[in-house]
Amino acid sequence: MSQADIGLIGLAVMGQNLVLNMNDHGYRVAVYNRSEEKTQDFLSGPAKNSQVIGTTSIAQFCSQLKSPRVIMLMVKAGAAVDAVINELIPQLSPGDTIIDGGNSLYTDSERRTHDLKSKGFYFIGMGVSGGEEGARYGPSLMPGGNQDGWETIKPIFQSISAKVDGEPCCEWMGAGGAGHYVKMVHNGIEYGDMQLICEAYHLMRAGLDMPMEKIQSVFKEWQAGVLDSYLIEITSEILGHKDDDGNPLVDKILDTAGQKGTGKWTGINALENGIPLTLIGEAVFARYLSALKDQRIKAANLLSGPAIPPEQDVTTFTQAIHDALYASKIISYAQGFMLLAQASKDQNWSLNYGNIALVWRGGCIIRSRFLNNIKEAYTQTPGLENLLMDNFFKEAVEQAQTGWRTAIQFAVSVGIPAPAFSSALAFYDGYRCEQLPANLLQAQRDYFGAHTYERIDRPRGQFFHTQWSKDS
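Its first residue numbered 1, the sequence shown is counted upward by one per residue in this note's numbering.
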């Protein structure tokens, strides 16, 4: 039996589907799972009649791989990745490549890249997006780490990735933890996109009292326009799904949202880097608030909201909600790329923002029509400071802002929370505001803590302190 082109460890659904995808593209794959039963079930089930090679130990697994070996890990992020790497190392030879395809924290990938390089191995931290279907038929892939290792594995992963206009949604991101960092920001934007869609749904369902069938038709219409995206598409399908009794299934789902931490990581990193990632932060906090279900039930019976305003024109306000969703989505991506730019500068990654948009155009959860416009923006102006400075996005927000403001005013008037819509608008207004009240804030800091301040009539970099009162 001929040896495998690549090996994969970890046969949960994502791992299995990546193996089947590779097999479909003509690559022979060796697999190993800590539970031998799962390996056998895979070989006798989804991988039956394939070229996949099953193994029962790490040593046997490594012996089945062509040299130099290429090994992909699809195991739980954190300590499990390090444990498997430590098991592999005694079986490997210099020049072998280890790929971590889990949702690892980028600092772990940074560390692993350097540790394995010192031992003679290549490490690739690869963000994988697209869920189970993407893994099976074409994911979005964001590799980073040791670029010498990337050159070895590039043909495999570009062949199995999603394609848009014939281009693979898999490009090199940068050194060290760059791949997993880009995936982290991707997931943060995903949090924001999902929250924005949920706020639009909430305003139509509770604010405009629209029946579910009508809301579903609205999302279908939006899918045909500038909001065209995977998440809009699946939202339409979800809203049309009926339970056994014929009623919308979504109405029976408990309103408490879960998370795996990548959105939180994005928010924490933004705080550490001084980037106002306000919309994604609100999306994370909205999930935390949803988890307070028991308290919310009590509060609903105790705390009052505004008086219900007169009946609203559904068509007018539906268009306003559309505009709020579109403008806020642009803000979310603008903030995400601000964070990527700061990290690229701090880490010396030289991230290619056009390539990032290209990789996100297909296969991934946040794939959408206007990623083409982001790609074009950075192609035309590689040093673009902010997406809002690009003519396409500047004009799109200007055209949408009247409806955006109307939707938020409507949300406030009926007492429906719209934290992502609102924070996006606050960012936009703050970003376009030449004079902010931070001068007063800095004076307060100087008053109680002698933190000093700069003056507008003096060169930047000169700092002053004032004795604000006789008693201070």
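Heads up, the beta-carbon is just placed ideally off N, CA and C, and yes, glycines get one too.
query	result
In three-state terms, what does DSSP make of G145?	strand
Compare the beta carbon distance of V414 and G258 with 9 Å and say whether it is the shorter of the two.	no
Can you find at least 3 beta carbon pairs, one from the segment 34 to 50 and one from the segment 11 to 21, that sit closer than 8 Å?	yes
Who are the near neighbours of H451 in its chain, counting only those whose CB is closer than 6 Å to its CB and skipping five residues on each side?	R445
Using the C-alpha atoms, what's the distance from H322 back to F427?	19 Å
Assess contact between the segment 123 to 140 and the segment 371 to 382, defined as three or more Cβ pairs (one per stretch) separated by less than 8 Å. Is contact present?	no
For G225 versus S332, is the C-beta distance shorter than 9 Å?	no
Let me know the secondary structure DSSP gives K163 once reduced to three states.	strand
Just tell me which of G207, W265, G274 has its CA closest to the CA of P310.	G207
In whole angstroms, what is the alpha-carbon distance linking K470 and C433?	35 Å
Three-state secondary structure (DSSP) at V397?	helix
For V164 and R361, I'd like the C-alpha separation in whole angstroms.	7 Å
Taking D193 as part of the alpha helix (DSSP H), name the residues at either end of that continuous run.	178 to 202
If you measure between the beta carbons of R112 and G78, is that distance less than 9 Å?	no
Can you check which of these residues, E37, E385, F370, S104, is closest to G345 by C-alpha distance?	Contrary to the premise, residue 345 reads as Lys rather than Gly in this sequence. Checked all of E37, E385, F370, S104; the closest Cα to K345 is E385.
Provide the residue(s) that pair with F123 in DSSP beta bridges, ordered along the chain.	I98
Is A334 near W404, with beta carbons less than 9 Å apart?	no
Should K242 be labelled buried (16 or more other beta-carbon atoms within 10 Å of its own) or exposed?	exposed
Which residue marks the beginning of the beta strand (DSSP E) containing G7, and which one marks its end?	6 to 9
What is the DSSP secondary structure of G15, reduced to helix, strand or coil?	helix
Do G174 and W349 have their C-beta atoms closer together than 9 Å?	yes
If you draw a straight line from the alpha carbon of F463 to that of Y453, how long is it in whole angstroms?	5 Å
Should V475 be labelled buried (16 or more other beta-carbon atoms within 10 Å of its own) or exposed?	Because the chain in this structure spans residues 1 to 472, residue 475 falls outside the shown range and cannot be described.
Name the two residues that bound the continuous beta strand (DSSP E) containing A135.	Premise fails: A135 lies in the alpha helix (DSSP H), 131 to 137, not in any beta strand (DSSP E).
If you check the beta carbons only, do G363 and G130 fall under 9 Å apart?	yes
Okay, do the segment 231 to 247 and the segment 81 to 92 touch, 3+ Cβ pairs below 8 Å being the bar?	no
Do the segment 261 to 281 and the segment 187 to 201 touch if we need at least three Cβ pairs shorter than 8 Å?	yes
With C-beta atoms as the reference, is L231 less than 9 Å away from I275?	no
To the nearest angstrom, how far is it from the Cα of D100 to the Cα of R460?	45 Å
Cβ of T262 within 9 Å of Cβ of M389?	no
Out of R205, G336, A80, G166, state which residue places its alpha-carbon closest to the alpha-carbon of L271.	G336
Based on Cα-Cα distance, which residue from G54, N33, A324 lies nearest to A200?	A324
Could you tell me the boundaries of the beta strand (DSSP E) in which Y32 lies?	29 to 32
I believe G149 touches Y122 by the beta-carbon criterion, under 8 Å. Please report the beta-carbon distance rounded to the nearest angstrom.	3 Å
Please state if the CB of G10 and the CB of S109 are separated by a distance shorter than 9 Å.	no
Taking Cβ to Cβ, would you say S368 is nearer than 9 Å to L227?	yes
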